[in-house]
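Working notes for the structure below.
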Amino acid sequence: MSDAHDHGEGEADHGQGGDSGEDADGGRGEDGDRGHDHHHDDGDHHDDGDHHHDDDRGHDHHHHDAESVEVAVVTVSSSRSLDEDPSGDHVAAAFEDAGHEVAVRELVPDEYDSVQGTVDRLARRKDADVVVTTGGTGVTPDDVTPEAVDGLFAKKLPGFGELFRRRSEAEVGTRTIGSRATAGIVSATPVFCLPGSENAVRLGVDEIILPEVGHLVGLAGRDADDEDDEEETEGDAGTEEETEGDREASGESADEEAK
């Protein structure tokens, strides 16, 4: 397995955004918003609190944010093993250090069907809220991860790959165009596909995925959660109706016996 976007071990590690070469628009503002300036200098201030982005239906997009998630880590490689997998090790350790859990770790060869089948299966697991793959995103004939997952995406997240490549430019320069890091939603589960090098994984996980994973997991599964709530409410209502029916039936029986 060979990723064209290979951050070599001799190259400098990415910091936590400080040395990434980003300008003010690409960095994180003091208000925690990444890449968005919400200070309206034209004087037309909208006093709507902390600028949570509610949609037209009145939903607060942050209401469903997941405080803790379970991640499925997939290493795509025909030459590595889980015993010698620094990139996968970092994904797992970074999530755990951030208060999340690792649901499962798997290794699959650089084969279209293997990658597609594994990602599809893990995204459907109830104990996996997010899937992160490493490897197979380069341009060699063996790099097939983007092709394998593309058909699974119900929704694509193009901003992930765009931001990853932009931040990678500070370290690898124009070679960043050889990276095909990608992301999308599969079965209401966010899936992120990163290059196989440890430096690339540090950038993708530490600086991009972890700050947003709870928000994305909450949004991706919001409709399913709402449906579950509605079903529970309907079930409770049905139980109440049955109880009233039982009472009426009991009353009728009592009247008949009295007669």
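Counting from 50, one number per residue, gives the positions in the sequence shown under this note's numbering. Using N, Cα and C, we set each Cβ at its ideal position, and we do this for glycine too.
- Looking at the DSSP output, Ile257 shares a beta bridge with no other residue.
- Residue pairing by DSSP puts Phe241 in a beta bridge opposite Val181, Ala232.
- CA-to-CA, the gap between Arg129 and Thr231 works out to about 22 Å.
- In this structure, Asp159 and Ser126 form a Cβ contact; the two beta carbons are roughly 7 Å apart against a cut-off of 8 Å.
- Beta-bridge partners assigned by DSSP to Ser130: Glu133.
- Every unbroken stretch of the alpha helix (DSSP H) spanning 4 or more residues and falling wholly within the region 164-231 is given here in chain order: 194-199, 207-221.
- Note on Leu131: under 16 other CB atoms within 10 angstroms of its CB, so exposed under the neighbour-count rule.
- Minimum Cα-Cα distance from Lys175 among the listed residues Ala237, Ser246, Val221, Asp114 corresponds to Ala237.
- Rounded to the nearest whole angstrom, the CA to CA distance from His113 to Gly270 is 9 Å.
- Beta-carbon to beta-carbon, Val122 and Arg154 are separated by about 5 Å, close enough to satisfy the 8 Å threshold.
- Among the bridge pairs identified by DSSP, Ala121 is matched with Val153, Val180.
- Secondary structure note for Ala249: its alpha helix (DSSP H) is the uninterrupted segment 247-251.
- The C-beta of Asp162 has fewer than 16 other C-beta atoms within 10 Å across all chains shown, which makes the residue exposed.
- CA-to-CA, the gap between Ala219 and Phe241 works out to about 21 Å.
- DSSP places Glu160 outside both helix and strand once states are collapsed to three, so it counts as coil.
- Taking C-beta atoms as the reference points, Val120 and Val179 count as a pair closer than 7 Å.
- Taken through DSSP and simplified to helix, strand or coil, Gly267 comes out as helix.
- At the C-beta level, Ala115 and Val254 stay beyond 7 Å of one another.
- Comparing alpha-carbon positions, the option among Ala152, Leu243, Gly148 lying closest to Thr124 turns out to be Leu243.
- Pairing Pro195 with Arg229 gives a Cβ-Cβ distance under 7 Å.
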